[in-house]
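Engineer:
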Amino acid sequence: MKQLQKRKKGFIARNPWLWTGIGIVVIIALLFLARTLSQPPPQKTDTSRVALKKQNLDAYTLMAGTIQFDTALFTPLAPDLRRQMQQLLRMVSNRELADVIARLNRMRRHSAYESGVIRLLTGVCYYELGQAESALNAFRSGVKLLDTLSTPDEYHRRLIARLGFNCGYLFQFYSYPESARHYYTLSQRALSSLAEPDRQFAGSLLNNLGLTLETIGDTVNAQRSYLQALNYLDTTGTTPEAARLQKNLRRNFRASRAGQHQS
447 MKQLQKRKKG FIARNPWLWT GIGIVVIIAL LFLARTLSQP PPQKTDTSRV
497 ALKKQNLDAY TLMAGTIQFD TALFTPLAPD LRRQMQQLLR MVSNRELADV
547 IARLNRMRRH SAYESGVIRL LTGVCYYELG QAESALNAFR SGVKLLDTLS
597 TPDEYHRRLI ARLGFNCGYL FQFYSYPESA RHYYTLSQRA LSSLAEPDRQ
647 FAGSLLNNLG LTLETIGDTV NAQRSYLQAL NYLDTTGTTP EAARLQKNLR
697 RNFRASRAGQ HQS
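Per the numbering used here, the sequence shown runs over residues 447 to 709.
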């Protein structure tokens, strides 16, 4: 028996092809593992998930702003978490989006605010990857987390405003105007309570809310929202937001006048 075992060991040691085959199998296994780890982790199943399929390109050409992250939201975070989030933002700028999502999903979170910030960045990463449904799911879960707060402070309201805008933006672009109106209104309420809201963001929000109201036939409140946007966006400027607001104001004004003549 011992002689047989020695012969087997000697055969393995003397056979280079066997070791080559083992090496190839190990390399293939490592490549498969690396490919698996590089994929964005799947989102948890949500029964309220919406299928985002029908893009509204006409609305897109009139919408202002875009889905993005607000770095001011890092301010109230604990120092360790703030450093982690800043590092992740650098990875986002390097387009390491799948890795960022994986790290965010492994992060410990101790409060609704921290979880909301994490889900906001998670949604932005999914959006940048072209996974609109996963992005929307992350944003909506963040809104749901913060919606239960009875007395949100300034940073909670800033976070709610950003999450609500991002939800509204996706719903508007994918032809769900009623849902877009709901989240834009939520965002507007949170933003209106801030002493100094970001002017570009506030103007974009009010422009998009007006466009959504116009889409569902509420031209009166749409005009009101467009006029409120004028308080934040300078329509004499050359920015895309200014040009779109001007166009929306003129079109809605003509539609309102036509409705008055018909009545």
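Note that beta-carbon positions come from the ideal geometry of N, C-alpha and C, so glycine has one too.
Model, not experiment: these values are computed from the prediction.
What's the C-alpha gap between TYR678 and LEU652?
Structural biologist: In the sequence shown, counting from the first residue as 1, residue 678 sits at position 232. In the sequence shown, counting from the first residue as 1, residue 652 sits at position 206. Going by the C-alpha atoms only, they are around 9 angstroms apart.
Engineer: When the Cα of ALA581 is compared with those of ALA497, ALA524, THR682, which residue comes out closest?
Structural biologist: For the purposes of this step, residue 581 is taken as residue 135 along the sequence shown, with counting starting at 1. Nearest C-alpha to ALA581: ALA497.
Engineer: Taking DSSP as the reference, what is the three-state secondary structure of LYS454?
Structural biologist: As a working note, residue 454 is residue 8 in the sequence shown. Here the model assigns LYS454 a pLDDT of 49, short of 50, so the residue's position is not dependable and the matter cannot be decided.
Engineer: Please confirm if the segment 589-608 is in contact with the segment 538-555, defined as three or more CB-CB distances below 8 angstroms between the two stretches.
Structural biologist: Contact fails: fewer than three Cβ-Cβ distances are below 8 angstroms.
Engineer: Check this for me: beta carbons of ARG690 and ALA510, under 7 angstroms apart or not?
Structural biologist: Translated into positions along the sequence shown, residue 690 becomes position 244. Translated into positions along the sequence shown, residue 510 becomes position 64. Yes, these two residues count as a Cβ contact at 7 angstroms.
Engineer: Quick check: the Cα distance between ALA626 and LEU508, rounded to an integer number of angstroms?
Structural biologist: Along the sequence shown, read from residue 1 onward, the residue named residue 626 stands at position 180. Along the sequence shown, read from residue 1 onward, the residue named residue 508 stands at position 62. Taking the straight line from one Cα to the other gives about 14 angstroms.
Engineer: Quick one, which of GLN577, ALA578, PRO522, GLY576 has its alpha-carbon nearest SER561's?
Structural biologist: Numbered from its first residue, the sequence shown carries residue 561 at position 115. The shortest C-alpha separation from SER561 is found at PRO522.
Engineer: Between which two residues does the alpha helix (DSSP H) harbouring LEU588 extend?
Structural biologist: Residue 588 sits at position 142 when you count from the first residue of the sequence shown. Checking the sequence, you will find Gly at residue 588 rather than Leu. Counting along the chain, the alpha helix (DSSP H) containing GLY588 begins and ends at 578-592.
Engineer: Looking at the unbroken alpha helix (DSSP H) that takes in MET531, where does it start and where does it end?
Structural biologist: Taking the sequence shown and counting its residues from 1, the one referred to as residue 531 is at position 85. Residues 525-539.
Engineer: Any contact between the segment 609-617 and the segment 632-644? By contact I mean 3 or more CB pairs, one from each, below 8 angstroms.
Structural biologist: Flag = yes, the segment 609-617 and the segment 632-644 touch.
Engineer: Which residue's Cα is closest to the Cα of GLY576: GLU660, LEU535, ARG541?
Structural biologist: As a position in the sequence shown, residue 576 is number 130, starting the count at 1. Answer by Cα proximity: ARG541.
Engineer: Return helix, strand or coil for LYS693, following the three-state DSSP convention.
Structural biologist: Translated into positions along the sequence shown, residue 693 becomes position 247. Correct three-state label for LYS693: helix.
Engineer: Using a Cβ-Cβ cutoff of less than 8 angstroms, which residues in the same chain neighbour PRO686 once the five nearest sequence positions on both sides are dropped?
Structural biologist: By one-based count along the sequence shown, residue 686 stands at place 240. Counting only Cβ-Cβ distances below 8 angstroms, and skipping sequence neighbours, we find ALA510.
Engineer: The alpha helix (DSSP H) spanning PRO623 covers which residue range?
Structural biologist: Locating residue 623 in the sequence shown gives position 177, counting from the first residue. Per DSSP, PRO623 belongs to the alpha helix (DSSP H) from 623-638.
Engineer: Between THR665, ALA641, THR631, which lies nearest to SER650 when the distance is taken from Cα to Cα?
Structural biologist: Locating residue 650 in the sequence shown gives position 204, where the first residue counts as 1. Ranking the options by Cα distance to SER650, first place goes to THR631.
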